[in-house]
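Trainee: In the working numbering, the protein residues as written are 2 to 281.
The structure follows.
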Ligand code: SIN
């Protein structure tokens with residue numbers, strides 16, 4: 002197997018390996034797992050595999066989960082269809098970590114390209130350990146111990162009726178997570194806010210608030226500043242898809258953005274999402 006890093010910060014392409022073999026080979030699996038922790042997103046080309054192979058590979062890392070809004074492939078629970086057609090219904094063109102609106106957000110995902118436009122429809126991944134590391138020291142002090150709420154309503158619920166949205170929220174209530182979480186396997190600190198984050202829950206303290214009026218703008222400016230860090234190109238890798246390309250990512254320490262520049266061309270992807278643990 003050859004390992005070709007794609008940037009100095011994040012991402013490597015692995016050549017000479019079939020992910021179908023990884024599912025059956027413990028040594029190869031251990032190697033891939035170590036490379037994932039190092040490069041955070043791994044890319045594999047020409048993976049002419051079955052859906053069962055895709056699922057079996059992802060299951061090496063943990064149990065899979067469905068999505069409350071996206072459909073799963075009927076015969077393969079946990080394999081989500083991310084199919085785009087002439088209908089302009091893009092949700093993934095924002096920097097995000099998958100499902101941070103869950104109390105235990107997924108630890109990783111395996112995305113396979115079924116079909117894609119010849120040009121366009123790239124995906125960008127971001128190293129959120131680097132994003133944290135390069136924050137100014139005074140910001141690091143300010144956000145240590147802060148927690149933020151994360152919700153599904155204002156993204157996936159936005160085009161629903163009020164009744165549908167209320168049902169979505171009843172089943173997926175707001176959760177709160179540390180703004181700086183720790184990677185359970187490497188101990189690294191990770192900036193953990195994104196577009197699902199709605200507000201801080203413990204910002205309104207005497208240190209942060211002089212008079213009542215400055216609490217809301219102060220908190221939301223800080224939250225927006227933190228969210229904007231994912232857009233810094235030095236923390237990113239951008240991947241050009243072809244049919245049968247696969248990406249495996251660490252959903253704890255990265256964010257990603259599916260570039261929506263190909264409409265109305267179709268793009269069909271399938272994602273196996275791996276259950277994770279409660280952030281700390
Ligand atoms: C996702 O946000 O998980 C999907 C990314 C993509 O379709 O490129």
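Glycine is no exception: its CB is placed at the ideal position from the N, C-alpha and C atoms.
Rounded to a whole number of angstroms, what is the C-alpha to C-alpha distance between residue 303 and residue 88?
Mentor: Any property of residue 303 remains undetermined from this structure, which presents the chain solely from 2 to 281.
Trainee: Report the CB separation of residue 254 from residue 129 in whole angstroms; it is logged as a contact under 8 Å.
Mentor: Sure, about 6 Å apart at Cβ, within 8 Å.
Trainee: Tell me the rounded alpha-carbon separation between residue 78 and residue 137.
Mentor: One C-alpha to the other measures close to 43 Å.
Trainee: Does the distance from the C-beta atom of residue 81 to that of residue 274 stay below 8 Å?
Mentor: Going by C-beta atoms, residue 81 is nearer than 8 Å to residue 274.
Trainee: So which of 187, 250, 278 and 102 has the shortest CA-CA distance to residue 199?
Mentor: Of 187, 250, 278 and 102, the residue nearest in Cα terms is 102.
Trainee: Give the single residue among 152, 219, 172 and 22 whose Cα lies nearest to the Cα of residue 194.
Mentor: Closest by alpha carbon: 152.
Trainee: With a CB to CB cut of under 6 Å and the five nearest residues on each side skipped, what residues in its chain are close to residue 270?
Mentor: These residues qualify, in order along the chain: 83, 112 and 114.
Trainee: Report yes if the C-beta of residue 129 is less than 7 Å from at least one heavy atom of the ligand SIN; otherwise report no.
Mentor: No, the Cβ of residue 129 stays beyond 7 Å of every heavy atom of the ligand SIN.
Trainee: What does DSSP give as the partner residues of residue 73 in its beta bridges?
Mentor: BP columns for residue 73 point to 81.
Trainee: Answer with buried or exposed for residue 45, where buried requires no fewer than 16 other C-beta atoms within 10 angstroms of its C-beta.
Mentor: It counts as buried.
Trainee: Taking 8 Å as the limit between beta carbons, can you name the residues of its chain near residue 163, skipping five residues before and five after?
Mentor: Closer than 8 Å at the Cβ level, and outside the excluded window around residue 163, lies no residue.
Trainee: Is residue 271 a contact residue of the ligand SIN, with contact defined as CB to any heavy atom under 7 Å?
Mentor: No, the beta carbon of residue 271 sits no closer than 7 Å to any heavy atom of the ligand SIN.
Trainee: Please identify the residue among 68, 59 and 42 whose C-alpha is closest to the C-alpha of residue 172.
Mentor: Ranking 68, 59 and 42 by Cα distance to residue 172 puts 68 first.
Trainee: Is the CB-CB distance between residue 94 and residue 238 below 8 Å?
Mentor: Not closer than 8 Å, so no.
Trainee: Going by DSSP, what residue range makes up the beta strand (DSSP E) through residue 239?
Mentor: Where residue 239 is concerned, the enclosing beta strand (DSSP E) stretches over 237-240.
Trainee: For residue 132, which residues in the same chain have their Cβ closer than 6 Å to its Cβ, ignoring the five residues on either side in sequence?
Mentor: Only 192, 230 and 236 meet the Cβ criterion.
Trainee: From the DSSP output, read off the bridge partner residues of residue 248.
Mentor: DSSP, once it has assigned bridges, lists 44 and 112 as partnering residue 248.
Trainee: Is residue 82 near the ligand SIN, with its Cβ less than 7 Å from a heavy atom?
Mentor: The answer is no for residue 82.
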